[in-house]
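Using the numbering used here, the first residue of the sequence shown is number 49, and each one after it goes up by one.
All C-beta atoms in this analysis are idealised placements derived from N, C-alpha and C, irrespective of residue type, glycine included.
Bear in mind that the values here come from a model prediction, so they are computed numbers and not experimental data.
First comes the structure, then the notes that go with it.
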Amino acid sequence: MSERRWAIAGKTLTALAVLSAILIAIAVVAMLRTGVSARTGPTKPETMVARTMRHFAVPAAARSMPNPVPLTPAVLAEGRAHFADHCAVCHANDGSGATEMGQNLYPKPPDMRKQSTQRLSDGEIFFIVKDGVRLTGMPAWGDAAGRDDQETWKLVHFIRHLPAITPQELEEMKRLNPVSHEEAEEKEFLEGAHETH
Ligand code: HEC
Numbered sequence: 049m050s051e052r053r054w055a056i057a058g059k060t061l062t063a064l065a066v067l068s069a070i071l072i073a074i075a076v077v078a079m080l081r082t083g084v085s086a087r088t089g090p091t092k093p094e095t096m097v098a099r100t101m102r103h104f105a106v107p108a109a110a111r112s113m114p115n116p117v118p119l120t121p122a123v124l125a126e127g128r129a130h131f132a133d134h135c136a137v138c139h140a141n142d143g144s145g146a147t148e149m150g151q152n153l154y155p156k157p158p159d160m161r162k163q164s165t166q167r168l169s170d171g172e173i174f175f176i177v178k179d180g181v182r183l184t185g186m187p188a189w190g191d192a193a194g195r196d197d198q199e200t201w202k203l204v205h206f207i208r209h210l211p212a213i214t215p216q217e218l219e220e221m222k223r224l225n226p227v228s229h230e231e232a233e234e235k236e237f238l239e240g241a242h243e244t245h
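The structure is reproduced here in structure tokens:
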């Protein structure tokens with residue numbers, strides 16, 4: 049590289065360093081002002097930085113990985129049942145994130161029907177579900193040794209299907225959602241009351 053090019057590269061790096069320092073300073077000031085409460089949402093730049101970092105945290109080869117599980121109605125049904133059972137507490141059956149748990153998390157689960165999620169590649173969604181997202185409520189679901197990768201790929205099919213989910217599917221999912229302790233007690237009580245009559 050010529051000396052001139054080195055000078056340009058050096059200036060670009062300095063500019064980037066200064067820009068990062070400014071962004072970090074803004075984030076720190078924002079954090080000091082809002083505290084560490086989970087009630088508010090992250091600011092736009094925070095979300096952008098976090099999503100960009102997450103994007104690059106998934107290795108390029110993994111990001112471009114196609115879904116190896118062929119899409120069939122049975123595969124979609126399995127993904128749907130799995131989602132209703134394990135994911136809907138935070139993400140809601142329709143993927144909107146409108147649940148009690150979801151709305152009080154920081155950051156909140158995004159509306160997965162929207163472009164910001166649907167734009168992610170299959171490989172990227174797969175890795176997010178398998179490994180989780182650090183410093184968020186999103187847990188790692190996959191077995192690190194990959195024994196349940198097939199199940200995770202089925203969930204990827206289901207997430208892709210969210211924008212087109214039907215009322216019938218949502219009705220079916222309601223029956224597959226885990227029952228809370230209170231609901232179970234209420235059901236037991238009602239059934240018990242029924243028996244004594
Ligand atoms: C305890 C709550 C919780 C549960 C349960 C949960 N998630 Fe999440 N999930 C989150 C949160 C919070 C985020 C947002 C993380 C972030 O901002 O990067 C998230 C993000 C995601 C994303 C990334 C979406 C995007 O656009 O960034 C996907 C995909 C996802 N979850 C799928 C799943 C699947 C599939 C399951 C079930 C196997 C599941 N999640 C269970 C809380 C949860």
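Please report how far the alpha carbon of residue i lies from the alpha carbon of residue j, in whole angstroms.
i       : j       : result
Met-186 : Ile-70  : 29 Å
Ala-86  : Tyr-154 : 5 Å
His-245 : Leu-238 : Reliability fails at His-245, whose pLDDT of 49 lies under 50, so the model's placement of it is uncertain and the value that follows must be treated cautiously. If I take the Cα positions, the gap works out to 11 Å.
Pro-90  : Pro-114 : 31 Å
Asp-197 : Thr-100 : 25 Å
Gln-166 : Gly-145 : 15 Å
Arg-182 : Phe-104 : 14 Å
Met-160 : Ile-207 : 7 Å
Ile-213 : Thr-95  : 27 Å
Lys-222 : Ala-132 : 7 Å
Ser-68  : Met-149 : 33 Å
Asp-142 : Leu-218 : 7 Å
Pro-157 : Thr-184 : 9 Å
Arg-52  : Thr-147 : 57 Å
His-134 : Thr-62  : 46 Å
Report back the beta-carbon spacing between residue i and residue j to the nearest angstrom; my notes put them in contact at under 8 Å.
i       : j       : result
Trp-111 : Ser-169 : For the record, residue 111 in the displayed sequence is Arg; it is not Trp. About 5 Å separates the two Cβ atoms, so the contact holds.
Phe-175 : Val-106 : 5 Å
Leu-203 : Val-177 : 6 Å
His-139 : Glu-199 : Not confirmed; about 16 Å, so no contact.
Gly-180 : Ala-188 : 3 Å
Ile-54  : Val-117 : The sequence given here has Trp at residue 54, not Ile. 49 Å between Cβ atoms; not a contact.
Asn-225 : Ala-125 : About 15 Å; that fails the 8 Å criterion.
Helix, strand or coil for residue i? Go by DSSP, reduced to three states.
i       : result
Arg-195 : coil
Arg-161 : coil
Trp-189 : coil
Thr-244 : Confidence is the limiting factor: at Thr-244 the pLDDT is only 48, short of 50, which leaves the residue's position unreliable, though a coordinate-based value still follows. Residue state, collapsed to three classes: helix.
Asp-142 : coil
Thr-95  : helix
Arg-87  : coil
Lys-59  : helix
Lys-202 : helix
His-103 : helix
Ser-50  : coil
Val-123 : helix
Leu-67  : helix
Lys-235 : helix
Val-117 : coil
Val-247 : Residue 247 is absent from the structure shown; the chain starts at 49 and stops at 245.
Following the continuous alpha helix (DSSP H) through residue i, name the residue where it begins and the one where it ends.
i       : result
Cys-138 : 136 to 139
Val-181 : Run containing Val-181: none; DSSP gives neither H nor E here.
Leu-224 : 215 to 224
Arg-167 : Element bounds for Arg-167: n/a, residue is neither H nor E.
Met-149 : 148 to 151
Just to check, is the beta-carbon of residue i closer than 7 Å to a non-hydrogen atom of the ligand HEC?
i       : result
Lys-156 : yes
Leu-153 : yes
Leu-80  : no
Arg-102 : yes
Met-186 : yes
Ala-110 : no
When you measure from the CB of residue i to every non-hydrogen atom of the ligand NAD, does any distance come out below 7 Å?
i       : result
Ala-232 : Of the ligands one can find in the structure shown, namely the ligand HEC, none is the ligand NAD.
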